[in-house]
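Peer 1:
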Amino acid sequence: SAVPLSEIEKNEEDWQLAQTYLNRFYKLKDSSAGFASKNRNYVSKSSLSNKIKKMQEFFGLEITGNLDSATMGIMEKPRCGVPDVAE
Amino acid sequence: YNHFPGTIKWKKDKITYRILNYTPDISSTDVDTAIWRALKIWSDITPLKFTRIFEGEADIMISFGAREHGDNYPFDGANGLLAHAFPPAAGIGGDTHFDEDETWTMGSNGYNLFLVAAHEFGHALGLAHSRDPGALMFPTYTFASVNEFRLSQDDVSGIQALYGASNEI
């Protein structure tokens, strides 16, 4: 069945938020450096999933690698700007 | 608790701090008090001593700024990122920045400046984020009554692993 446009937009928004969050706090860009040369914004799916797992592990969430509601809930919380994966 | 790579810390016990500007959300006297109290929770349990200076370069330079504020780590408007601090080092090391687009408060009707400052000063002294949800050094903001505030054992163990316990009897 067709997915309502609003749901696609919501998903797109969530993925954007997640990429920004993981870039900032889990060094996302470094792990997909191979792709960065071709397209600054391209992030491999596996890299994203690995970073989501790293974030889920840090926060004691179920480690699924998926952008589930518990994971989104943490990403939407106000927080400190210092990375969780220390640089 | 976690430390930064290389377990970086200040190589001295006497640390200076300077408040460079103020938020219009609360009085400057309240900002002074919140900052003083946020440093005191760390000096109470270690040999560290904090001295405020009013000109020149302090170890911990404290300021309020919005969006891009001069360190290439821009804030993001209201909510989201609240503040950040740099680990111990010369220059920008130790410096602590608060997002001026937030509503700062001494209570709970906004983001409590004492609680956020106490967390950020943990970074400025060498603590990274903790995975203990009850620790001050947990990454996300949770309001707690300032008058009943206590550091968790995780926070105490983390800072004393760097500087030892207070040497005051």
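In order, the protein sequences belong to chains D and U. Position one of the first sequence corresponds to residue 2 (this note's numbering), numbered consecutively onward. Position one of the second sequence corresponds to residue 3 (this note's numbering), numbered consecutively onward. We put the beta carbon where it would ideally sit given N, CA and C, even for glycine.
Whether or not the stretch 153 to 168 of chain U and the stretch 35 to 48 of chain U are in contact is what I'm after, with contact meaning three or more pairs of Cβ atoms, one per stretch, closer than 8 angstroms; do they touch?
Peer 2: Yes, the stretch 35 to 48 of chain U is in contact with the stretch 153 to 168 of chain U.
Peer 1: Excluding the 5 residues preceding and the 5 following Pro76 (chain U) in the sequence, name in chain order all residues of the same chain whose CB lies nearer than 6 angstroms to its CB.
Peer 2: For this step, residue 76 (chain U) is matched to residue 74 along the second sequence. Cβ within range, chain order: Arg69, Glu70.
Peer 1: Counting only Cβ pairs nearer than 7 angstroms, list the residues of chain U close to Asp85 (chain D).
Peer 2: For the purposes of this step, residue 85 (chain D) is taken as residue 84 along the first sequence, with counting starting at 1. What Asp85 (chain D) touches in chain U: His131, Pro141.
Peer 1: Between which two residues does the alpha helix (DSSP H) harbouring Leu41 (chain U) extend?
Peer 2: The count along the second sequence starts at 1 and reaches residue 41 (chain U) at position 39. It spans 30 to 45 - the alpha helix (DSSP H) in which Leu41 (chain U) sits, taken as one unbroken run.
Peer 1: Quick check on the DSSP output: the beta strand (DSSP E) that includes Phe123 (chain U) runs from which residue to which?
Peer 2: Residue numbering aside, residue 123 (chain U) sits at position 121 when the second sequence is read from its first letter. No beta strand (DSSP E) holds Phe123 (chain U); the alpha helix (DSSP H) holding it covers 115 to 127.
Peer 1: Let me know if Arg152 (chain U) comes out buried or exposed under the rule of 16 or more other beta-carbons within 10 Å of its beta-carbon.
Peer 2: Indexing the second sequence from 1 puts residue 152 (chain U) at position 150. By the 10 Å Cβ count, Arg152 (chain U) comes out exposed.
Peer 1: I'd like the span of the beta strand (DSSP E) that includes Ser65 (chain U), first residue to last.
Peer 2: The residue given as residue 65 (chain U) occupies position 63 in the second sequence. That run of the beta strand (DSSP E) goes 62 to 67.
Peer 1: Taking 8 angstroms as the cut-off, decide whether the C-beta atoms of Thr53 (chain U) and Lys11 (chain U) are in contact.
Peer 2: Within the second sequence, numbered from 1, the residue matching residue 53 (chain U) stands at position 51. Within the second sequence, numbered from 1, the residue matching residue 11 (chain U) stands at position 9. No, Cβ-Cβ distance for Thr53 (chain U) and Lys11 (chain U) is not below 8 angstroms.
Peer 1: Thinking C-beta only, is Leu84 (chain U) closer than 8 angstroms to Cys81 (chain D)?
Peer 2: As a working mapping, residue 81 (chain D) is identified with position 80 in the first sequence. As a working mapping, residue 84 (chain U) is identified with position 82 in the second sequence. Closer than 8 angstroms, so yes.
Peer 1: If you check the beta carbons only, do Asp97 (chain U) and Ile62 (chain U) fall under 8 angstroms apart?
Peer 2: The count along the second sequence starts at 1 and reaches residue 97 (chain U) at position 95. The count along the second sequence starts at 1 and reaches residue 62 (chain U) at position 60. Yes, these two residues count as a Cβ contact at 8 angstroms.
Peer 1: My assumption, with CB atoms under 8 angstroms, is that Ala40 (chain U) sits in contact with Ala119 (chain U). Please give the rounded CB distance.
Peer 2: Here residue 40 (chain U) refers to the residue found at position 38 of the second sequence. Here residue 119 (chain U) refers to the residue found at position 117 of the second sequence. About 4 angstroms separates the two Cβ atoms, so the contact holds.
Peer 1: Return the bridge partner residues of Leu2 (chain U) from the DSSP annotation.
Peer 2: Nothing can be reported for residue 2 (chain U), as the shown portion of chain U is limited to 3 through 171.
Peer 1: Under 8 angstroms Cβ to Cβ from Phe56 (chain U), same chain only, skipping five residues before and after it: list those, please.
Peer 2: As a position in the second sequence, residue 56 (chain U) is number 54, starting the count at 1. The answer, listed in chain order, is Arg20.
Peer 1: Would you decide whether Leu127 (chain U) is buried or exposed? Buried here means 16 or more other CB atoms lie within 10 Å of its CB.
Peer 2: As a working mapping, residue 127 (chain U) is identified with position 125 in the second sequence. Per the 10 Å Cβ criterion, buried.
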